[in-house]
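To start, the structure under review is shown below, and the notes come after it.
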Amino acid sequence: MPQIVKGVIARSKGADVELVDIVVPDPGPGEAVVQVQSCGVCHTDLHYREGGINDEFPFLLGHEAAGVVEAVGEGVTEVAPGDFVILNWRAVCGQCRACLRGKPWYCFNTHNAKQKMTLADSGEELSPALGIGAFIEKTLVAAGQCTRVDSEADAAAVGLLGCGVMAGFGAAVNTGGVTRGDSVAVIGCGGVGNAAIAGATVAGATTVIAVDVDDRKLEGAKAFGATHTVNGRTEDVVERIRELTGGFGADVVVEAVGRPETYEQAFYARDLAGTVVLVGVPTPDKQVTLPMIEIFGRGGALKSSWYGDCLPSRDFPMLVDLYRQGRFDLDAFVSERIGLGDVEGAFDKMERGEVLRSVVVL
């Protein structure tokens with residue numbers, strides 16, 4: 001029987017979010033209803049509110065979430081009621097050309113729940129952020145968007161693997177291939193950038209350089225494993241990274257901002273045959289111009305990272321295990337715990353750079 005629960009929506013571009021009643025249908029074939037325990041407040045949610053993703057308002061916001069499966073639909077075998085899960089926004093299909101080539105993290109046909117959640121007062125269909133919509137007491141998702149993990153883990157911490165932390169960690173480890181002894185530079189020390197720093201540290205990088213224009217963020221990056229910091233407002237980023245890497249440049253540079261000027265810094269700050277990884281999300285109008293002779297002459301690789309090129313079924317349980325063992329400090333990403341009614345205020349704090357992640361706890 002459909003349920004009516006409280007959830008946070010963006011009704012129109014730029015308008016403050018609203019806490020409203022939402023109808024969640026029973027799960028159909030291949031779907032699951034999840035009782036949400038936590039959901040991080042991510043920049044992507046703000047982009048949805050501002051119309052920066054698309055104009056399919058109203059949006060049900062929230063996507064960095066963990067919770068407990070309440071019910072599943074016909075044919076679901078991945079999870080069962082009572083399972084503690086992290087939600088992901090790239091449920092792989094298993095049938096596309098990427099999946100069939102053994103590279104499901106590149107799946108070209110990821111899917112979401114087929115049914116729609118609706119506004120209780122009007123019946124209007126909601127567009128769930130990244131196919132999840134988790135600023136809500138209970139949400140409807142595709143069963144493949146649920147990854148079962150250790151139920152003893154703190155939901156507020158491990159739920160962040162659902163987006164930003166996984167994107168950053170994976171950008172360094174999966175996409176960038178950071179390994180022991182590498183030098184790594186990370187440009188942009190928000191949640192994603194700090195996750196890349198933490199990932200590089202876990203993977204064994206010996207020189208990890210944090211770059212930002214905010215001294216508060218640079219100081220915070222040290223807690224995630226940064227061995228050196230560079231303030232791009234007062235220092236020449238490329239020259240400083242070269243100085244810190246024996247004059248050569250970093251083996252891997254992760255760009256976690258998504259701007260042409262920082263991407264250019266990343267390009268020139270890498271060693272010959274080094275790797276640049278773009279994980280910062282640019283707006284559609286951003287363009288970068290580089291001399292082709294430099295692209296050719298430097299060799300190496302210029303990569304973009306989709307969700308940290310992660311495979312949730314492989315990576316989420318592993319990272320939760322590292323967290324439980326004290327080897328990957330997910331708690332450090334949780335700046336504050338808030339209620340469903342506090343999302344708008346959390347957006348303000350995020351824009352002012354006061355938090356890594358505000359986390360809604362239900």
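Numbering of the sequence shown is given in the UniProt record's numbering, commencing with residue 1 and proceeding in unit increments.
Glycine included, every Cβ here is placed at the ideal spot set by N, Cα and C.
Round the Cβ separation of residue i and residue j to the nearest angstrom and send it over; I've been treating them as touching at under 8 Å.
i, j, result
"G249", "R270", "5 Å"
"A10", "V20", "That pair is no contact at about 11 Å."
"D315", "G170", "7 Å"
"T275", "G176", "5 Å"
"N231", "D212", "7 Å"
"G308", "G168", "7 Å"
"G14", "E50", "6 Å"
"L272", "R298", "6 Å"
"H111", "A91", "5 Å"
Residue j and residue i - do their beta-carbons sit closer together than 7 Å?
i, j, result
"T229", "A210", "yes"
"P29", "G82", "no"
"V257", "V8", "no"
"V355", "S335", "yes"
"residue 366", "S127", "The chain is shown only over 1 to 362; residue 366 falls outside these bounds and no answer can be derived."
"V24", "M166", "no"
"E137", "V41", "no"
"V34", "G67", "yes"
"V320", "V79", "no"
"V281", "A266", "no"
"T147", "P312", "yes"
"residue 363", "F333", "In the structure as shown, the chain begins at 1 and stops at 362. Residue 363 is therefore absent and cannot be evaluated."
"W89", "G131", "yes"
"V238", "Y263", "no"
To the nearest angstrom, report how far apart residue i and residue j are at their CA atoms.
i, j, result
"E64", "E235", "34 Å"
"C310", "V173", "10 Å"
"D214", "E70", "43 Å"
"K222", "E56", "40 Å"
"I53", "H47", "6 Å"
"G159", "V85", "9 Å"
"A185", "I295", "19 Å"
"M292", "D285", "21 Å"
"R242", "G220", "22 Å"
Which same chain residues end up closer than 6 Å to residue i when comparing Cβ atoms and leaving out the 5 residues on each side of it in sequence?
i, result
"A113", "E31, L140, V141 and A142"
"L278", "E255 and S304"
"A226", "I197, V208 and A210"
"F347", "L46"
"D331", "A157"
Using a Cβ-Cβ cutoff of less than 8 Å, which residues in the same chain neighbour residue i once the five nearest sequence positions on both sides are dropped?
i, result
"Q287", "P260"
"D121", "V20 and D21"
"C96", "C107, F108 and N109"
"D329", "A198, A223, F224 and Y323"
"S12", "F57 and P58"
CB-CB under 7 Å to residue i, same chain, minus the five flanking residues each way: which ones, in chain order?
i, result
"G341", "L19"
"G181", "G204 and T206"
"A134", "V36, C39, G62, H63, A65 and L87"
"Q3", "V24 and K138"
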